[in-house]
Amino acid sequence: MERLYLMSIESFDELRQKLMSYKVGDFWVPIGGINKEDLDIPPVNTILLVGFHNAGKSSLVNLMYSVLGQSGLIPFAQTSSGNDCGYTTLTMEEHNVLRSTRSGFCIYDTRGFDYDRVDEALLELKEWMAPDGVHHKKLCSRQEDHVLVPMLNNELEDASSSMFIKRSVNCVMMVANAYEIYKSLKLDDFKPLDALKQLYCSSSLNKSNGNPILILTHGDKLSTEDRIDCRLKICKHLGTSETNGIYDIVCVTEYGLLADEYDPISAYSVTEAVYRSLLISDRAQLVKKTFKDWALFALSCLMCFIASIFACLAQLFNVLAQKHKGKLKW
Numbered sequence: 003m004e005r006l007y008l009m010s011i012e013s014f015d016e017l018r019q020k021l022m023s024y025k026v027g028d029f030w031v032p033i034g035g036i037n038k039e040d041l042d043i044p045p046v047n048t049i050l051l052v053g054f055h056n057a058g059k060s061s062l063v064n065l066m067y068s069v070l071g072q073s074g075l076i077p078f079a080q081t082s083s084g085n086d087c088g089y090t091t092l093t094m095e096e097h098n099v100l101r102s103t104r105s106g107f108c109i110y111d112t113r114g115f116d117y118d119r120v121d122e123a124l125l126e127l128k129e130w131m132a133p134d135g136v137h138h139k140k141l142c143s144r145q146e147d148h149v150l151v152p153m154l155n156n157e158l159e160d161a162s163s164s165m166f167i168k169r170s171v172n173c174v175m176m177v178a179n180a181y182e183i184y185k186s187l188k189l190d191d192f193k194p195l196d197a198l199k200q201l202y203c204s205s206s207l208n209k210s211n212g213n214p215i216l217i218l219t220h221g222d223k224l225s226t227e228d229r230i231d232c233r234l235k236i237c238k239h240l241g242t243s244e245t246n247g248i249y250d251i252v253c254v255t256e257y258g259l260l261a262d263e264y265d266p267i268s269a270y271s272v273t274e275a276v277y278r279s280l281l282i283s284d285r286a287q288l289v290k291k292t293f294k295d296w297a298l299f300a301l302s303c304l305m306c307f308i309a310s311i312f313a314c315l316a317q318l319f320n321v322l323a324q325k326h327k328g329k330l331k332w
């Protein structure tokens, strides 16, 4: 914390200015003899927030607005604080946290997963990580939604329209409730931590950009010693570094309000987390497909089609041969 405090005083304004002027590809560096013109650069980079229910994803979005967009205490994303405890984000929400028409990135808030349905969470996460996996107002469906869907008729109509741009996810921030996990560990309940590990180590997240950025929230509810111990235990269980790519951020106070936007540690932490996400995103930009690539793809599809036809014919003749076995005369 002392390191962050010293860095935040000197570096926050500089880092925030880089984000304000950022355009997609600004943090890309030449590797392997590939020119920037050869990259398939999207209009904006997309950062996806994922995590379990009550992790604090929407509160984190509001903190980004407060720190980066200088919106003060105006909440842009609805949270469960001060609302019914059953409230949850039902559709994906795209946020321009800089509040700028020239912003080079967007943040996607998603619905929280259930600790008892990790397999369902992994399948949905795989869908989101597809090339055209997310768009604004995309419904995050669950098994129990037959009760909630009638309340969302207007939103579902918007979600089914073609007016929203589909975006490919460039980087993932995984948000975890440190207080909830540590409280469970004290009771020898490893379910929340094991569920987090399955999500964190998912092949959908680790196929290209490395591990997702880990954001620990609600740590202010713990003592300083427990907060450090919680961070160490989580990182050890996940097999990741305790100091690299992990941030302990206070999103809301005990009254459900945003943390002080002038708190230097919280402000710097969330700014650096976004900055790191953009570094990862630009490093993983894909190369444009050439005519040769498309030709090879078409040829491979054709060969697969021909192979499937021969496989069907082989199966058909095998069935006929078994049916007429012993009836053939030579």
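Numbering (the numbering used here), first residue to last: 3 to 332. Ideal Cβ positions, reconstructed from N, Cα and C, are used throughout, including at glycine. On a predicted model such as this, the values are computed, not experimentally measured, just so you know.
Task: Other residues of its chain near residue 71: CB distance less than 7 Å, five sequence neighbours each side excluded - done: 99, 100 and 101
- [ ] Please say whether residue 120 and residue 180 have beta carbons closer to each other than 7 Å?
- [x] no
TODO: Classify residue 48 as helix, strand or coil using the three-state DSSP reduction.
DONE: strand
Open item on the list: What does the Cβ neighbour count give for residue 45, buried or exposed, with the cut at 16 atoms within 10 Å?
Closed with: exposed
Open item on the list: If contact is defined by three or more beta carbon pairs under 8 Å, each pair taking one atom from either stretch, is the region 201–209 in contact with the region 121–128?
Closed with: yes
Task: Burial state of residue 2 (16 or more Cβ within 10 Å) - done: For residue 2 there is no data in the structure shown, the boundaries of the chain being 3 and 332.
Open item on the list: Just verifying my parser: in three-state terms, what is the DSSP assignment at residue 253?
Closed with: coil
- [ ] Please check the pair residue 22 and residue 272, which I expect to be a contact at CB under 8 Å, by giving their CB distance rounded to whole angstroms.
- [x] Not a contact, Cβ separation roughly 15 Å.
TODO: Could you check what DSSP says for residue 278 in three-state terms: helix, strand or coil?
DONE: helix
TODO: Count the other C-beta atoms from every protein chain shown that fall within 10 angstroms of the C-beta of residue 104, then say buried if there are 16 or more, exposed otherwise.
DONE: exposed
Open item on the list: Once DSSP output is grouped into helix, strand and coil, what is the label at residue 85?
Closed with: Because residue 85 carries a pLDDT of 48, less than 50, the predicted location of this residue cannot be relied on, and no value is offered for it.
TODO: List the whole-angstrom C-beta distance separating residue 280 from residue 110, where the pair is believed to meet the contact cut-off of C-beta under 8 Å.
DONE: About 14 Å; that fails the 8 Å criterion.
TODO: Would you please state the rounded distance, in angstroms, between the beta carbons of residue 182 and residue 320? I believe it to be under 8 Å.
DONE: Rounded, the Cβ-Cβ distance is 57 Å, inconsistent with contact.
Task: Reduced DSSP category for residue 24 - H, G, I as helix; E, B as strand; rest coil - done: coil
Task: Buried or exposed (CB count within 10 angstroms, at least 16 for buried), residue 172 - done: buried
- [ ] Specify, as a first and last residue, the run of the beta strand (DSSP E) that residue 166 falls within.
- [x] Segment: none, residue 166 is in no beta strand (DSSP E) and carries neither H nor E.
Open item on the list: Between the alpha carbons of residue 107 and residue 170, how many angstroms are there, rounded?
Closed with: 12 Å
Open item on the list: Using CA atoms only, rank isn't needed, just tell me which of 222, 136, 270 and 235 is closest to residue 190.
Closed with: 235
TODO: Tell whether a beta-carbon distance below 7 Å holds between residue 114 and residue 219.
DONE: no
Task: Opening and closing residue of the beta strand (DSSP E) in which residue 345 lies - done: Since the first and last residues shown for the chain are 3 and 332, residue 345 lies out of range.
Task: Separation of residue 167 from residue 175, as counted between CA atoms - done: 21 Å
Task: Assigned exposure category for residue 245 - 16 Cβ within 10 Å defines buried - done: exposed
Task: Burial state of residue 324, where buried means 16 or more other Cβ atoms lie within 10 Å - done: exposed
Task: Alpha carbon of residue 307 to alpha carbon of residue 292, nearest angstrom - done: 23 Å
- [ ] Can you tell me which of 132, 68, 322 and 225 puts its alpha carbon nearest to the alpha carbon of residue 253?
- [x] 68
Open item on the list: Here's the rule: buried if 16 or more other CB atoms are within 10 angstroms of the residue's CB, otherwise exposed. What is residue 84?
Closed with: Here the model assigns residue 84 a pLDDT of 47, short of 50, so the residue's position is not dependable and the matter cannot be decided.
Open item on the list: Determine whether the beta carbon atoms of residue 288 and residue 42 lie at a separation below 7 Å.
Closed with: yes
Open item on the list: Going by DSSP in three states, residue 248 sits in which element: helix, strand or coil?
Closed with: strand
Open item on the list: With DSSP as the reference, identify every bridge partner of residue 176, one or two as the case may be.
Closed with: 52 and 216
TODO: Starting from residue 108, follow its DSSP beta bridges and name the residues at the other end.
DONE: 48
Open item on the list: At the level of alpha carbons, what is the spacing between residue 208 and residue 322?
Closed with: 47 Å
Open item on the list: Can you tell me where the alpha helix (DSSP H) holding residue 227 begins and where it ends?
Closed with: 226–240
TODO: Mark residue 87 as exposed unless 16 or more other C-beta atoms lie within 10 angstroms of its C-beta, in which case mark it buried.
DONE: Confidence at residue 87 is low in this model, with a pLDDT of 48, below 50, so the placement of that residue is unreliable and no value is reported for it.
Task: Three-state secondary structure (DSSP) of residue 318 - done: helix
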